[in-house]
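The working numbering puts the last residue of the sequence shown at 80; the count rises by one with no breaks. See below for the structure under consideration.
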Amino acid sequence: MTYRLRIDPSLHATYKGLPDGARRDLAVCLLDALGDPLAHSTPYGVDDGIFRTIAHGHTAGVILIGEDTITLVQITHLG
């Protein structure tokens, strides 16, 4: 199953403000997670299978896995 991606408009503005490489890293993580979010993420705190961390390079995000959606809820860039 392929999940749908949801991003709040204010968080999307944060994404657009990232450097090119950071946007690319996060986009790759999100695309991978859309196919199999559990395989392409790690637990965020307690492993509840719902809140997960995706990361590559100096960029990380927190996703919320729903029944058929993935919602990006946080972006962190260390650059």
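Quick reminder that beta carbons are idealized off the backbone N, C-alpha and C, glycines included. Keep in mind it's a predicted model, so treat the numbers as computed, not measured.
- One thing to note: T3 has its Cβ no nearer than 8 Å to the Cβ of L32.
- Annotation: L79 to H13 spans about 18 Å, alpha carbon to alpha carbon.
- Nearest to H59 by alpha-carbon distance, out of H41, R25 and K17, is R25.
- Between D69 and R5, the C-beta gap is smaller than 8 Å, which places the two residues in contact.
- With fewer than 16 other beta carbons inside 10 angstroms of its own, I51 counts as exposed.
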